[in-house]
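Trainee: Sharing a structure, written as structure tokens. Questions coming.
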Amino acid sequence: MTPQRISLVAAVFLALLGAFYAGMWTAFKEWAPWQTVTTARAIWQSYRATGRILRENTYNHRDRAWPKEPYTVFDAAAVAPGYLAINRFHPGDQRFVSELLDGSGKVVHRWPIDYSQIVAGGSSTEFVHAAKPLPDGSLLVDFDDGHAVARLDACGRPIWTRTDKTYHHLIERDGDGFWIWQATGWDGSQDQNMIRIDNETGDITDKISLVDDVLAKDPVAAMRLTIPPGFVFDKDAPPDTLKDIFHPNDVEILPADMAAAFPQFSAGDILVSLRNLDTIAVFSRTTHKLLWSQQGPWLMQHDPDFQPDGTITVYSNNPDRNRSTLFQVDPATGATSYVLGPDSPAYFSWIMGTHQRLPNGNWLISVPKQGRVLEISAAGAPVREYDNILDARYNSFLTHAELLPLDFFTELPHCDTSGPEGN
Numbered sequence: 205m206t207p208q209r210i211s212l213v214a215a216v217f218l219a220l221l222g223a224f225y226a227g228m229w230t231a232f233k234e235w236a237p238w239q240t241v242t243t244a245r246a247i248w249q250s251y252r253a254t255g256r257i258l259r260e261n262t263y264n265h266r267d268r269a270w271p272k273e274p275y276t277v278f279d280a281a282a283v284a285p286g287y288l289a290i291n292r293f294h295p296g297d298q299r300f301v302s303e304l305l306d307g308s309g310k311v312v313h314r315w316p317i318d319y320s321q322i323v324a325g326g327s328s329t330e331f332v333h334a335a336k337p338l339p340d341g342s343l344l345v346d347f348d349d350g351h352a353v354a355r356l357d358a359c360g361r362p363i364w365t366r367t368d369k370t371y372h373h374l375i376e377r378d379g380d381g382f383w384i385w386q387a388t389g390w391d392g393s394q395d396q397n398m399i400r401i402d403n404e405t406g407d408i409t410d411k412i413s414l415v416d417d418v419l420a421k422d423p424v425a426a427m428r429l430t431i432p433p434g435f436v437f438d439k440d441a442p443p444d445t446l447k448d449i450f451h452p453n454d455v456e457i458l459p460a461d462m463a464a465a466f467p468q469f470s471a472g473d474i475l476v477s478l479r480n481l482d483t484i485a486v487f488s489r490t491t492h493k494l495l496w497s498q499q500g501p502w503l504m505q506h507d508p509d510f511q512p513d514g515t516i517t518v519y520s521n522n523p524d525r526n527r528s529t530l531f532q533v534d535p536a537t538g539a540t541s542y543v544l545g546p547d548s549p550a551y552f553s554w555i556m557g558t559h560q561r562l563p564n565g566n567w568l569i570s571v572p573k574q575g576r577v578l579e580i581s582a583a584g585a586p587v588r589e590y591d592n593i594l595d596a597r598y599n600s601f602l603t604h605a606e607l608l609p610l611d612f613f614t615e616l617p618h619c620d621t622s623g624p625e626g627n
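When we follow this note's numbering, the leftmost residue of the sequence shown carries the number 205, and every step to the right adds one.
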């Protein structure tokens with residue numbers, strides 16, 4: 205091989221090596237070239253699978269045993285009365301909507317959710333994690349990957365917005381306000397605050413820092429939540445799964461009408477879920493002390509709820525086990541059991557998920573990744589099911605569902621689409 209040919213081969217090799225490392229660096233930094241390639245790959249994968257161009261992670265295979273229609277009733281006599289409020293990804297419009305369904309499955313109202321009306325320059329299709337209706341027909345919404353929590357009217361127009369921080373995961377009502385997690389920069393930040401916001405004004409009426417108000421002042425809490433002595437929190441860390449040590453996904457208050465069932469706690473004490481620790485915990489609302497915590501047997505859990513019988517139920521996602529479950533734990537003794545038996549309808553969502561104990565004893569279970577909502581009797585029998593159907597092979601994603609009593613609204617939400625401001 206001549207010296208000139210050797211030089212040419214070497215130059216080509218160095219150019220290829222440089223291109224490889226440049227590609228790896230842009231991937232690491234998530235720069236535009238890599239994002240473009242990632243987007244193109246997602247588009248190709250969705251088109252190859254479904255014949256459509258769909259957003260990544262918005263569809264999942266349907267089981268042949270699932271109902272062929274979006275709304276199916278198995279036992280009409282056992283259905284809990286009320287309105288189903290469902291927040292879902294609309295496969296036709298390729299954006300999120302919240303819908304209100306009556307007992308027949310008819311959509312009686314739809315709230316459009318447009319992030320670009322809340323945050324200037326934002327995407328109208330931003331991921332909507334939680335959407336909670338209020339009795340006047342307005343809607344509370346938050347966006348994990350965005351920087352906003354807002355109250356929208358029945359037409360989806362902002363009544364008030366907060367865009368100063370990241371407000372993320374579930375929204376839990378508390379009288380004339382609601383609780384939510386607030387973070388700096390991103391939802392997995394180490395700077396996490398439990399926030400109470402006034403429904404009417406959007407003002408913050410209570411704020412408790414998980415790091416400064418709880419862990420820094422309570423060595424027992426720090427130990428129970430696996431924070432080593434001398435650990436230095438990085439509150440400004442950019443998104444990185446290794447920095448996401450808590451991943452809090454729920455915060456709610458012990459209501460006064462249940463307080464007698466929990467003598468170890470007081471009305472107003474705070475129940476939280478810390479997904480990446482497989483831990484649920486209760487803190488004092490007044491002293492911020494850790495009152496109780498338990499790690500597992502749930503895995504990567506969501507949505508712990510106080511129950512009237514003095515127990516706490518929790519949605520265990522169980523990643524890599526192909527079946528999620530509901531656990532019930534007695535915080536006084538630590539005794540834990542499954543809520544539903546092995547013959548109850550199977551469901552699986554490796555992320556997200558909510559549950560609700562209904563007044564008639566049934567359970568309403570949201571299965572986000574499967575795009576399903578299940579109502580199951582206390583005995584484990586299927587009562588009804590909602591499927592966010594894309595086509596015969598796939599369901600689209602949904603985030604959660606909630607049953608609202610028939611007298612929840614002062615009047616059913618309504619948006620006059622014929623007017624100049626209608627949506």
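We treat Cβ as the ideally placed atom computed from N, Cα and C, and that holds for glycine.
So, for HIS333: in the same chain, excluding its five sequence neighbours on each side, which residues have a beta-carbon less than 7 Å away from its beta-carbon?
Mentor: Cβ neighbours of HIS333 beyond the five flanking positions: ASP346, PHE347, ASP348, HIS372, HIS373, THR603.
Trainee: Which first and last residues belong to the beta strand (DSSP E) in which VAL455 is found?
Mentor: Counting along the chain, the beta strand (DSSP E) containing VAL455 begins and ends at 452-457.
Trainee: Would you kindly report the start and end of the unbroken beta strand (DSSP E) that includes MET427?
Mentor: That residue, MET427, is in no beta strand (DSSP E); its alpha helix (DSSP H) goes 423-428.
Trainee: Which runs of the beta strand (DSSP E) spanning at least 3 residues fall entirely within the segment 485-547, listed in chain order?
Mentor: For the segment 485-547, whole beta strand (DSSP E) runs of length 3 or above, ordered along the chain, are 494-499, 506-510, 516-520, 529-533, 540-542.
Trainee: Please state whether DSSP places HIS440 in a helix, a strand or coil.
Mentor: Checking the displayed sequence, the identity of residue 440 turns out to be Asp instead of His. Coil, per DSSP.
Trainee: Apply the 10 Å Cβ neighbour rule to GLY286 and answer buried if 16 or more other Cβ atoms are within range, or exposed otherwise.
Mentor: Its Cβ being crowded by 16 or more others within 10 Å, GLY286 is buried.
Trainee: Reducing DSSP to helix, strand and coil, say where ASP410 ends up.
Mentor: Three-state DSSP puts ASP410 in a strand.
Trainee: Taking the continuous beta strand (DSSP E) assigned at TYR287, which residues delimit it?
Mentor: Segment 287-294, the beta strand (DSSP E) holding TYR287.
Trainee: Please report the straight-line C-alpha distance between LEU220 and ALA246, rounded to a whole angstrom.
Mentor: Legend: pLDDT at LEU220 = 46, less than 50; position of this residue unreliable, value from coordinates given subsequently. Answer to the nearest angstrom: the Cα atoms are 25 Å apart.
Trainee: Going along the chain, which unbroken runs of the beta strand (DSSP E) with 3 or more residues stay wholly within the segment 245-322?
Mentor: With a minimum length of 3 residues, the continuous beta strand (DSSP E) runs that stay inside the segment 245-322 are 263-265, 275-277, 287-294, 299-305, 311-316.
Trainee: For ARG479, name the three-state secondary structure that DSSP assigns.
Mentor: Of the three classes helix, strand and coil, the one that applies to ARG479 here is helix, per DSSP.
Trainee: Could you tell me the distance, in whole angstroms, from the CA atom of ALA358 to the CA atom of ALA425?
Mentor: In a straight line, the C-alpha of ALA358 is about 42 Å away from that of ALA425.
Trainee: Using beta-carbon positions only, say whether ILE484 and ILE516 come within less than 8 Å of one another.
Mentor: For ILE484 and ILE516, yes; Cβs fall inside 8 Å.
Trainee: From LYS310 to ARG588, what distance separates their C-alpha atoms?
Mentor: For LYS310 and ARG588, the distance between alpha carbons rounds to 14 Å.
Trainee: Short check: CB of PHE450 to CB of LEU481, under 8 Å?
Mentor: A contact, by the Cβ cut-off of 8 Å.
Trainee: Are there 16 or more other CB atoms within 10 angstroms of the CB of GLY341, so buried, or fewer, so exposed?
Mentor: GLY341 comes out buried.
Trainee: Using 10 angstroms around the beta-carbon of GLY325, count the other beta-carbons present and answer buried if the total reaches 16, otherwise exposed.
Mentor: It counts as exposed.
Trainee: So THR367 packs on TRP390, CB below 8 Å; how close in whole Å?
Mentor: With 8 Å as the limit, THR367 and TRP390 do not qualify as a contact, their Cβ atoms being about 15 Å apart.
Trainee: Does DSSP put LEU419 in a helix, a strand or coil?
Mentor: Reduced to three states, the DSSP call for LEU419 is helix.
Trainee: Say whether the segment 487-498 touches the segment 404-424, bearing in mind that this needs 3 or more beta-carbon pairs closer than 8 Å, one atom from each stretch.
Mentor: With the cut-off at 8 Å, the segment 487-498 and the segment 404-424 touch.
Trainee: List the endpoints of the continuous beta strand (DSSP E) containing ALA352.
Mentor: Its beta strand (DSSP E) spans residues 352-356.
Trainee: In the DSSP output, which residue or residues are listed as bridge partners for SER570?
Mentor: In DSSP, SER570 forms a bridge with THR558, VAL577.
Trainee: Have a look at ILE580, HIS618, TRP567, ALA550 and flag the residue whose alpha-carbon is nearest the alpha-carbon of ASP267.
Mentor: It is ALA550.
Trainee: Could you have a look at ASP620 and say whether DSSP puts it in helix, strand or coil?
Mentor: Looking at ASP620 - three-state DSSP - the assignment turns out to be coil, as it is neither helix nor strand.
Trainee: For ASP380, which of helix, strand or coil comes out of DSSP?
Mentor: Coil, per DSSP.
Trainee: Would you kindly report the start and end of the unbroken beta strand (DSSP E) that includes VAL587?
Mentor: First-last of the beta strand (DSSP E) with VAL587: 586-591.
Trainee: DSSP three-state call for ALA465: helix, strand or coil?
Mentor: DSSP places ALA465 in helix when its eight states are reduced to three.
Trainee: If you reduce the DSSP assignment to three classes, tell me which class ALA226 lands in.
Mentor: Residue placement at ALA226 is poorly supported in this model, since its pLDDT is 46, which falls under 50; the coordinates still yield a value, given next. Reduced to three states, the DSSP call for ALA226 is helix.
Trainee: Excluding the 5 residues preceding and the 5 following PRO274 in the sequence, name in chain order all residues of the same chain whose CB lies nearer than 6 Å to its CB.
Mentor: Correct list, in chain order: ASP591, ILE593.
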